[in-house]
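Structure, as structure tokens:
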Amino acid sequence: MCRHGKLVARLLRFPVPPMNVLSIQSAVAYGHVGNAAAQPALHCLGHTVWRVDTVTFSNHPGHGKFAGQVRPAAEVAAVLQGLADLGVQDQCGAILSGYLGEAATAEAIAKTVTQVKRANPQSVYLLDPVMGDAGRVYVRDGVPDAMAKMLLPLADMIAPNAFELSLLADQPVTDKDSAVAAARRLIARGPSLVLATGLRLEGGKVATLAVTEAEAHAVTAPWLDRPVFGTGDLFGALFLGHWLEAPGDAVRALRLAASGMAEAIAATEAAGSLERALIPNLERICHPPALLPAERV
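5 is the number of the first residue of the sequence shown in the numbering used here; add one for each residue after it.
Laid out in structure tokens, this is it:
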């Protein structure tokens, strides 16, 4: 397709103009987790990213060794305050937050979310409550509590994995029904939409759910039985990017994001890597050629 044709196709995907997205999460030099996953995905979907990093690491710690440092909460707060001082918060259409290096960073994010929503009441906040996985908390002490108390009540959408959902709801999550029940406990505390990811099912499947107070839908895909870093970070960015194309259509965004993740996982498996093969397959990930079906739960 020629450049003009690609531009027309891109514009036809957007019922509303592309948005400025403030993305506050981790950064790595090697690989694609945190902002290193969210930024290219959101750019591919046509959105502008205002990037604020909460840590700067050489790579994901799951490789067994890494270098770098956590960005102090005061530094993150200063960057966010700089955006406020610039007078651009009314131009921010969405906020996405993920991994926090320090619990105190949650306070700065909460302040910014409140300011942005005041400046632009149409803006939305998606909280990816990165705390742990597979039964293990891997963030610093105080981070889960800070997310639950300061960020969860402000979030319009929250995207926990199955372990994080269980932790936040304080109840077991073992299947789709229990995931929906746990999600609705979170909805009672603030968000209107819960995206439950990484719910392992029988038969080698994994489910991703979109749950509101009134209904729930699930998309299932094959389970990859080995670690792949940053899947939640990429899913959150894809869902938010697609949701901004058609605000309020959670099922559409769920299908597009889950189908994009299936493309990413397949490409990563073919490459035989712990890191997702994101950039070479970005167009297929952001605009999947086939959509997985969504079922009502």
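Where a beta carbon is used, it is the ideal one built from N, C-alpha and C, also for glycine.
Spatially closest choice to C96 from G136, A31, Q43, V25, by CA coordinates: V25
Assigned exposure category for G202 - 16 Cβ within 10 Å defines buried: buried
Local conformation of E273 per DSSP, three classes: helix
The region 50-65 in contact with the region 101-110 per 3-pair CB rule at 8 Å: yes
Residue span of the beta strand (DSSP E) that contains A211, given as start and end: 209-215
Distance between E299 and G105 (C-alpha atoms, nearest Å): 37 Å
Per-residue DSSP class, three states only, for P243: According to the sequence shown, residue 243 is Phe rather than Pro. Correct three-state label for F243: helix.
Whole-Å CB distance - I98 paired with M151, under 8 Å assumed: In the sequence as presented, Ile is not what sits at residue 98; that position holds Ala. Not quite, the Cβ-Cβ distance comes to about 18 Å (not below 8 Å), so this is no contact.
D237 beta carbon less than 9 Å from that of A41: yes
Element boundaries [alpha helix (DSSP H), containing A44]: One point to set straight first is that residue 44 is Pro, not Ala, in the sequence displayed. Where P44 is concerned, the enclosing alpha helix (DSSP H) stretches over 39-48.
Residue burial classification, M161 (beta-carbon count within 10 angstroms, cutoff 16): buried
Helix, strand or coil at N285 according to DSSP, with G and I counted as helix: helix
Span separating the alpha-carbon of V74 from that of G252: 35 Å
Opening and closing residue of the alpha helix (DSSP H) in which P226 lies: Here P226 belongs to no alpha helix (DSSP H); instead the beta strand (DSSP E) covers 220-226.
Chain-order list of residues whose beta-carbon lies under 6 Å from that of N285 (same chain, five-residue window excluded): A271
Cβ pair L197, L172 closer than 9 Å: no
Euclidean distance between Cα positions of L244 and S27: 11 Å
Under the three-state DSSP convention, the category R193 falls into: coil
Residue burial classification, Q126 (beta-carbon count within 10 angstroms, cutoff 16): exposed
Unbroken stretches of the alpha helix (DSSP H), 4 residues or longer, contained in the region 48-112: 77-90
Buried or exposed by the 16-neighbour rule on C-beta atoms within 10 Å, applied to Y129: buried
Extent of the continuous beta strand (DSSP E) run through V128: 128-131
Three-way DSSP call (helix, strand, coil) for T201 in this model: strand
Own chain partners of A186 with C-beta closer than 6 Å, once the 5 adjacent residues on each side are dropped: L169, A173, Q175, V177
Three-state class that DSSP yields for V184 in the structure shown: helix
Burial state of D229 (16 or more Cβ within 10 Å): exposed
Residues near A81 in its chain [Cβ-Cβ closer than 7 Å; skip 5 each side]: A112
Start-to-end residues for the beta strand (DSSP E) that takes in A31: 24-32
Beta-bridge partners of V141, as assigned by DSSP: G136
Y34 to N63 span [Cα, whole Å]: 5 Å
With 16 other Cβ atoms within 10 Å as the buried cut-off, status of I283: exposed
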